[in-house]
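2 protein chains.
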Amino acid sequence: MTEQREPKVDRCRTIPEATVARLAVYLRALTALDEAGTHTVSSEELAAAAGVNSAKLRKDLSYLGSYGTRGVGYEVATLVGHISRALGLTHHRNVALVGVGNLGHALAGYAGFGTRGFRIVALFDADPARIGQRLHGLEVHGMNALAEVCQAEVVSIGVIATPAGAAQDVCDKLVAVGITSILNFAPIVLTVPGNVDVRKVDLAVELQILSFHEQRKAAGLEEVG
Amino acid sequence: MTEQREPKVDRCRTIPEATVARLAVYLRALTALDEAGTHTVSSEELAAAAGVNSAKLRKDLSYLGSYGTRGVGYEVATLVGHISRALGLTHHRNVALVGVGNLGHALAGYAGFGTRGFRIVALFDADPARIGQRLHGLEVHGMNALAEVCQAEVVSIGVIATPAGAAQDVCDKLVAVGITSILNFAPIVLTVPGNVDVRKVDLAVELQILSFHEQRKAAGLEEVG
DNA sequence: GCTTGTGAAACCGTTCACAGCG
DNA sequence: CGCTGTGAACGGTTTCACAAGC
Numbered sequence: 001m002t003e004q005r006e007p008k009v010d011r012c013r014t015i016p017e018a019t020v021a022r023l024a025v026y027l028r029a030l031t032a033l034d035e036a037g038t039h040t041v042s043s044e045e046l047a048a049a050a051g052v053n054s055a056k057l058r059k060d061l062s063y064l065g066s067y068g069t070r071g072v073g074y075e076v077a078t079l080v081g082h083i084s085r086a087l088g089l090t091h092h093r094n095v096a097l098v099g100v101g102n103l104g105h106a107l108a109g110y111a112g113f114g115t116r117g118f119r120i121v122a123l124f125d126a127d128p129a130r131i132g133q134r135l136h137g138l139e140v141h142g143m144n145a146l147a148e149v150c151q152a153e154v155v156s157i158g159v160i161a162t163p164a165g166a167a168q169d170v171c172d173k174l175v176a177v178g179i180t181s182i183l184n185f186a187p188i189v190l191t192v193p194g195n196v197d198v199r200k201v202d203l204a205v206e207l208q209i210l211s212f213h214e215q216r217k218a219a220g221l222e223e224v225g
Numbered sequence: 226m227t228e229q230r231e232p233k234v235d236r237c238r239t240i241p242e243a244t245v246a247r248l249a250v251y252l253r254a255l256t257a258l259d260e261a262g263t264h265t266v267s268s269e270e271l272a273a274a275a276g277v278n279s280a281k282l283r284k285d286l287s288y289l290g291s292y293g294t295r296g297v298g299y300e301v302a303t304l305v306g307h308i309s310r311a312l313g314l315t316h317h318r319n320v321a322l323v324g325v326g327n328l329g330h331a332l333a334g335y336a337g338f339g340t341r342g343f344r345i346v347a348l349f350d351a352d353p354a355r356i357g358q359r360l361h362g363l364e365v366h367g368m369n370a371l372a373e374v375c376q377a378e379v380v381s382i383g384v385i386a387t388p389a390g391a392a393q394d395v396c397d398k399l400v401a402v403g404i405t406s407i408l409n410f411a412p413i414v415l416t417v418p419g420n421v422d423v424r425k426v427d428l429a430v431e432l433q434i435l436s437f438h439e440q441r442k443a444a445g446l447e448e449v450g
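Line order of the protein sequences matches chains A and B.
One point on numbering: in our numbering, the residue at position 3 of the first sequence is 3, and numbering is uninterrupted.
When you read off a place in the second sequence, starting at 1, and then add 225, the result is the number in our numbering.
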């Protein structure tokens, strides 16, 4: 057997995937603290606000560097800066949204994006009846305008809010235009080239997971009672 | 605080958390296969449809029992049945939705729930202007009707689609009414008793995770080119 | 032959516990 | 003294590889 030693180019910039997801949550909590006028937090306090334990929080933050003060805690503003930089949020990112139906409509109007580093700059839909409409100050384009519009506005993330049947086709088009990050709300697994990142949100899956635990709780009670 | 040390009752019915999440995805893929008229799938095929590798899929299914046929594969209908049972989806579960703003509106109209084991049976909002309105055949109730309505309809899951500021209060009210499973769309960490399960969906967090990878890709290119 | 089901190994993430430092 | 930062231990998850069985 050939001893395949991993190249192990472990430059200090390696942040575990699980940590990345939590950094976003810490950022949210820190922003809230900042707005409340708090200047300093201990790992214990911030961990509570983020719903994790303090050891995990400290380890997560340690991947960014040593930005705390022993015996004191972390400066809120400093952490906000470092986490923002780590997540690539130093400048706003432009988002294109495809599918302006039920859910897409709601996403287009969601104010939370703007305050957290993102701006929806373009809307698309396949339905001729919707093309040309204006939603929250943006015109709905047809899919054939995808390339043109995405290059004019510098779009870095695509959001798919179409029915399942259209999603893979839309995805292929987004990839063809050069988009390499996709957030998918359609209940289907997308196939993409290796350089493209996809994250998915499936509401029914979330409910089904809750259903599983609900059932287990019911079974447990039955046994006891 | 309430340090609940689990007694570690490892009865054979223990399905790992990571597996539960994927079972829901398998179910989605199987339903699609079923509708397409497929009767039998191999682990390889189903794994591809679910976006995982086949070894993982087989191990996941093995927690439910041995329902495949060696040399052949799995019968679609059989698997659908077993996964549905495992997830507690043999009967429809009733869902209460709190917050009928932008997002809540979209969720109330999302047809995908009905076909996948759930039914939204009650809508609530704190805004007097919205109370009494009808949405997709359901009346919007005020928060003071929560107890009454949730007990009349047997609600097993609560969905919070309110602004962040209202979410913890709404959550407390749901818990008080006896709801032990909550899906939270508000960008805040909810505090709940130990017997209550919370799952959260934060759209901005998802985008920030994509942003991280997008940045890393950009950094990588810079280095090469 | 082919594909499932599964121990064992490798991997990753979390928790512990304490050294290090302000 | 208090809190951060971190090696080491632990537990859960994924992958490997092959025996079992149609």
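Here a beta-carbon is modelled for each residue, glycine too, at the ideal position from N, C-alpha and C.
Check                                                                                                              : Outcome
Short CB-CB distance (under 9 angstroms) between B/N369 and chain A                                                : no
Classification of B/T315 by the beta-carbon crowding that lies within 10 angstroms, buried from 16 upward          : exposed
Cβ-based neighbour list, A/M143, same chain, cut-off 7 angstroms, excluding 5 preceding and 5 following            : F124, A126 and K173
Sub-9 angstroms separation of A/V80 and A/S156 beta-carbons                                                        : no
3 or more residues per run - each beta strand (DSSP E) lying fully within the region 402-447 of chain B            : 406-409 and 422-425
Contact the region 44-59 of chain A vs the region 106-119 of chain A: 3+ CB pairs below 8 angstroms                : no
B/K442: contacting residues in chain A (beta-carbon distance under 9 angstroms)                                    : T180, S181, N195 and D197
Cross-strand partners of B/T265 (DSSP beta bridge)                                                                 : B/E300
Continuous beta strand (DSSP E) assignments of at least 3 residues falling wholly in the region 308-355 of chain B : 318-323 and 343-349
B/V414 and B/I407 closer than 9 angstroms at C-beta                                                                : no
Under 9 angstroms from the C-beta of A/F124: neighbouring residues of chain B                                      : In chain order: nothing, as chain B lies at least about 17 angstroms away.
Chain-ordered chain B contacts of A/E75 [CB-CB under 7 angstroms]                                                  : Result: empty, since nearest Cβ-Cβ is about 21 angstroms, beyond 7 angstroms.
Rounded distance between the beta-carbons of B/H307 and B/G293, thought under 8 angstroms                          : Contact doesn't hold; Cβ gap of about 11 angstroms is too wide.
Per DSSP, the bridge partner or partners of A/H141                                                                 : A/F124
Contacts that B/I434 makes with chain A (C-beta to C-beta distance below 7 angstroms)                              : V20, A21, A24 and R199
Inter-residue Cα distance where the pair is A/E45 and B/K425                                                       : 21 angstroms
Identified DSSP bridge partners for B/T244                                                                         : Paired residues: none, contrary to the question.
Contacts of B/G334 in chain A (Cβ-Cβ under 7 angstroms)                                                            : N102
N-terminal and C-terminal residue of the alpha helix (DSSP H) that B/V374 is part of                               : L371 to A377
Beta carbon of B/T405 nearer than 9 angstroms to that of B/V421                                                    : yes
Residue burial classification, B/R318 (beta-carbon count within 10 angstroms, cutoff 16)                           : buried
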